[in-house]
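Structure, as structure tokens:
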Amino acid sequence: MSQLTHKNVHNYFKIDGFHLSEEELRHVAYDYIKEGDGDEQAIGEFLLDWFDDKEYIEMKTSGTTGLPKLVKLEKQAMIQSALATGDFFELEPGDKALLCLPVKFIAGKMMLVRAIILGLELDIVEPSTQPLALNSKMYDFVAMVPLQVQNSIDALVNVKKLIVGGAKMDASLEDKVLPLKTEVYETYGMTETITHIAARKVGENVFTVLPNVKIVQDDRGCLVITVPTISEDPIVTNDLVEVVRENQFIFLGRIDNVVNSGGVKLIPEQIESKLIGKIHNRFFVTGVPDSSLGEKLILVIEGEKQEFAQDFFDVLDKFEKPKEIVFVPKFKENANGKLLRKPSLV
Numbered sequence: 001m002s003q004l005t006h007k008n009v010h011n012y013f014k015i016d017g018f019h020l021s022e023e024e025l026r027h028v029a030y031d032y033i034k035e036g037d038g039d040e041q042a043i044g045e046f047l048l049d050w051f052d053d054k055e056y057i058e059m060k061t062s063g064t065t066g067l068p069k070l071v072k073l074e075k076q077a078m079i080q081s082a083l084a085t086g087d088f089f090e091l092e093p094g095d096k097a098l099l100c101l102p103v104k105f106i107a108g109k110m111m112l113v114r115a116i117i118l119g120l121e122l123d124i125v126e127p128s129t130q131p132l133a134l135n136s137k138m139y140d141f142v143a144m145v146p147l148q149v150q151n152s153i154d155a156l157v158n159v160k161k162l163i164v165g166g167a168k169m170d171a172s173l174e175d176k177v178l179p180l181k182t183e184v185y186e187t188y189g190m191t192e193t194i195t196h197i198a199a200r201k202v203g204e205n206v207f208t209v210l211p212n213v214k215i216v217q218d219d220r221g222c223l224v225i226t227v228p229t230i231s232e233d234p235i236v237t238n239d240l241v242e243v244v245r246e247n248q249f250i251f252l253g254r255i256d257n258v259v260n261s262g263g264v265k266l267i268p269e270q271i272e273s274k275l276i277g278k279i280h281n282r283f284f285v286t287g288v289p290d291s292s293l294g295e296k297l298i299l300v301i302e303g304e305k306q307e308f309a310q311d312f313f314d315v316l317d318k319f320e321k322p323k324e325i326v327f328v329p330k331f332k333e334n335a336n337g338k339l340l341r342k343p344s345l346v
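And the structure:
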């Protein structure tokens, strides 16, 4: 069997109900660029890039593994990523999928690639916070960011499998989706890994890696990913993890967020998990410079000032208790809706 290339279009593939060949996709792309809005133009530009003669596309990274930079993603690697996703989530040709993410980001691009390569019947809607609001169709496979999930709880009855990425799902959102019949997975990945390389079923705390992915911890305790089909070199992250099996890990937090307070290293994400459900506004903990401790731990809450009972922090260990509570009118986010901790304090 000859290897799939980016010129292959699966004969089950559809966009908005129409079978389209490579040539017809090019015509659609030109129409999107000429007459479409910003999101449609991004789809058109990506389709033209996908079917050109280059073996790669260029993308700007989100900065997960360092400073944002321009990277070349091999189209063959994107195809292998799509095949791994299809294998992991047991997707079949003819399955119905929904694209509701911006195609200027890798997650949106890969929904198109998966549909073309795996033969999915893809519907496209404008990216919004309520992507299922005007749609009662049943879908086999949908990808969303947490904010979209938050605003679509009742409509998820029409989704069989949902993957959630772009930002971490908090415990309150997990509690809302747990009773649903929908299979909901939080994904782990970044631009450099061509979206997700692992997924965690909601209700469990362990991420399982996709086919052909190898993981280890480095001497910092951070995840190192090896995916021969995507990158010749290992991808070193700043994510603190506990590797529990050769193909499974528990995400602990970002090493960039670790607070060294008087010689005690504190992982904000672990502290935050203990406070979820007790604070109804968005919040995070972080460190700020302190003359005696080096860094002191503070709790940052979005919204107006409020008072807390004296025993409020009893769920925390001694060193995990914040030295100060700061209230910020509105948190800052990136384009994916991911909370920006340090900029929110400025």
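Quick note, the sequence shown lines up with residues 1 to 346 if you use full-length UniProt numbering. Ideal Cβ positions, reconstructed from N, Cα and C, are used throughout, including at glycine. Predicted, not measured: the structure shown is a model, and the values here were computed from it.
Next on the checklist: Within a Cβ cutoff of 7 angstroms, which residues of the same chain sit near LEU178, ignoring the five residues on either side of it in sequence?
Outcome noted: Correct list, in chain order: VAL202, GLY203.
Item to check | Euclidean distance between Cα positions of LYS168 and PHE312 | outcome: So the two alpha carbons sit approximately 25 angstroms from each other.
Item to check | Distance between beta carbons of ASP16 and ASP123, contact taken as under 8 angstroms | outcome: Yes, they are in contact, since the Cβ atoms of ASP123 and ASP16 sit about 6 angstroms apart, within 8 angstroms.
Item to check | ILE215 versus THR226: straight-line alpha-carbon distance, rounded | outcome: Their Cα atoms are separated by approximately 6 angstroms.
Checklist entry - Pairing CB atoms from the region 274-283 with CB atoms from the region 242-249, are three or more of them under 8 angstroms? => result The way I'd put it, the region 274-283 doesn't touch the region 242-249; fewer than three beta-carbon pairs between them come closer than 8 angstroms.
Checklist entry - In the UniProt domain "AMP-dependent synthetase/ligase" (61-212), which residue ranges form an unbroken alpha helix (DSSP H) of at least 4 residues, counting only runs that do not cross its ends? => result If we require 4 residues or more, the alpha helix (DSSP H) runs fully inside the UniProt domain "AMP-dependent synthetase/ligase" (61-212) come out as 75-88, 106-118, 146-150, 171-177.
Next on the checklist: Below 8 angstroms, how does it come out for the region 286-296 and the region 258-266: are there three or more Cβ pairs, yes or no?
Outcome noted: Inter-segment contact for the region 286-296 and the region 258-266 is present: three or more beta-carbon pairs are separated by less than 8 angstroms.
Next on the checklist: Which residues does DSSP list as the beta-bridge partners of THR226?
Outcome noted: Per DSSP, the beta bridge partners of THR226 are LYS214.
Item to check | Neighbourhood of THR5 by C-beta, 7 angstroms cutoff - its chain only, sequence neighbours within 5 removed | outcome: Around THR5: no qualifying Cβ.
Next on the checklist: If we require 4 or more residues per run, which alpha helix (DSSP H) segments fall completely within the region 262-324?
Outcome noted: List check, alpha helix (DSSP H) in window: 268-275.
Checklist entry - Buried or exposed: PRO93, going by 16 or more other Cβ atoms within 10 Å of its Cβ? => result With fewer than 16 Cβ atoms within 10 Å of its Cβ, PRO93 is classed as exposed.
Item to check | Sequence-distant residues of the same chain with beta carbon closer than 6 angstroms to GLY119, five excluded per side | outcome: Sequence-distant partners of GLY119 (beyond 5 residues in either direction) whose C-beta falls short of 6 angstroms from its own C-beta, in its chain, are HIS10, TYR12, PHE13, PRO93.
Checklist entry - When you compare only the Cα positions, how much space is there between ILE325 and VAL346? => result C-alpha of ILE325 to C-alpha of VAL346: approximately 15 angstroms in a straight line.
Next on the checklist: Am I right that LYS137 and PHE46 are in contact with their C-beta atoms under 8 angstroms? What's the rounded C-beta distance?
Outcome noted: About 24 angstroms; that fails the 8 angstroms criterion.
Checklist entry - How many angstroms separate the CA atom of ASP95 from the CA atom of PHE319? => result Going by the C-alpha atoms only, they are around 50 angstroms apart.
Checklist entry - How far does the beta strand (DSSP E) with VAL236 in it reach, from first residue to last? => result 235-245 is the extent of the beta strand (DSSP E) around VAL236.
Item to check | Assigned exposure category for TYR185 - 16 Cβ within 10 Å defines buried | outcome: The residue in question, TYR185, is buried, as its Cβ has 16 or more Cβ neighbours within 10 Å.
Checklist entry - Just checking my contact of ARG282 with PHE249 at CB under 8 angstroms: how many whole Å lie between their CB atoms? => result About 26 angstroms; that fails the 8 angstroms criterion.
Checklist entry - Can you tell me whether THR148 is buried or exposed, with buried defined as 16 or more other CB within 10 angstroms of its CB? => result According to the sequence as given, residue 148 is Gln; it is not Thr. Flag for GLN148 reads buried.
Next on the checklist: Using C-beta distances below 6 angstroms, list every residue in its chain close to THR187, excluding the 5 sequence neighbours before and after it, in chain order.
Outcome noted: Shown here for THR187: same chain residues with a beta carbon closer than 6 angstroms to its own, the five before and five after excluded, namely ILE163, GLY165, HIS196, ALA199 in chain order.
Next on the checklist: Using CA atoms only, rank isn't needed, just tell me which of MET78, GLY287, PRO131, LEU134 is closest to MET111.
Outcome noted: Nearest option by C-alpha distance: MET78.
Next on the checklist: With a threshold of 7 angstroms on Cβ separation, who are the neighbours of LEU340 within its own chain once the five nearest residues in sequence on each side are excluded?
Outcome noted: Within the same chain, LEU340 has close Cβ partners LYS332, GLU333, ASN334.
Next on the checklist: One question on the structure: do PHE51 and ALA97 come within less than 7 angstroms of each other, judged by their Cβ atoms?
Outcome noted: Cβ distance not < 7 angstroms, so PHE51 and ALA97 don't count as in contact.
Checklist entry - In whole angstroms, what separates the C-alpha of ILE322 from that of ILE57? => result Sequence inspection shows Pro at residue 322; the Ile mentioned does not correspond to that position. Each residue's Cα considered, the two are about 45 angstroms apart.
Next on the checklist: My output table needs one value for GLN41: the three-state DSSP class, helix, strand or coil.
Outcome noted: In the structure shown, the three-state DSSP call for GLN41 is helix.
Checklist entry - Which partner residues of GLU58 appear in the DSSP bridge assignment? => result DSSP lists LYS72 as partners of GLU58.
Item to check | Other residues of its chain near LYS60: CB distance less than 8 angstroms, five sequence neighbours each side excluded | outcome: The beta carbon of LYS60 sits closer than 8 angstroms to those of PRO68, LYS69, LEU70, VAL71, THR191, all from its chain and outside the five residues before and after it, given in chain order.
Item to check | Within 7 angstroms, strictly: CB atoms of ILE43 and VAL103 | outcome: Between ILE43 and VAL103, the CB-CB gap stays under 7 angstroms.
Next on the checklist: With the cut-off set at 7 angstroms, would you say LEU173 and PRO146 are in Cβ contact?
Outcome noted: Cβ distance < 7 angstroms, so LEU173 and PRO146 count as in contact.
Checklist entry - Mapping DSSP to helix, strand and coil, what is GLU232? => result Looking at GLU232 - three-state DSSP - the assignment turns out to be coil, as it is neither helix nor strand.
Checklist entry - What's the gap between the Cα of THR182 and the Cα of GLU90? => result Going from the Cα of THR182 to the Cα of GLU90 covers about 15 angstroms.
Next on the checklist: At the level of alpha carbons, what is the spacing between PHE308 and ASN257?
Outcome noted: Rounded to the nearest angstrom, the two C-alpha atoms are 25 angstroms apart.
Next on the checklist: Please state the DSSP three-state secondary structure of PHE251.
Outcome noted: In the structure shown, PHE251 sits in a strand (DSSP, three-state: E or B).
Item to check | Inter-residue spacing [alpha-carbon to alpha-carbon] between PRO268 and LEU299 | outcome: The alpha-carbon of PRO268 is positioned some 10 angstroms away from that of LEU299.
Next on the checklist: Going by C-alpha to C-alpha distance, which of LEU101, VAL113, GLY38 sits closest to GLU74?
Outcome noted: The shortest C-alpha separation from GLU74 is found at VAL113.
Next on the checklist: Please state the DSSP three-state secondary structure of PHE46.
Outcome noted: The answer is helix: DSSP assigns PHE46 an H, G or I state.
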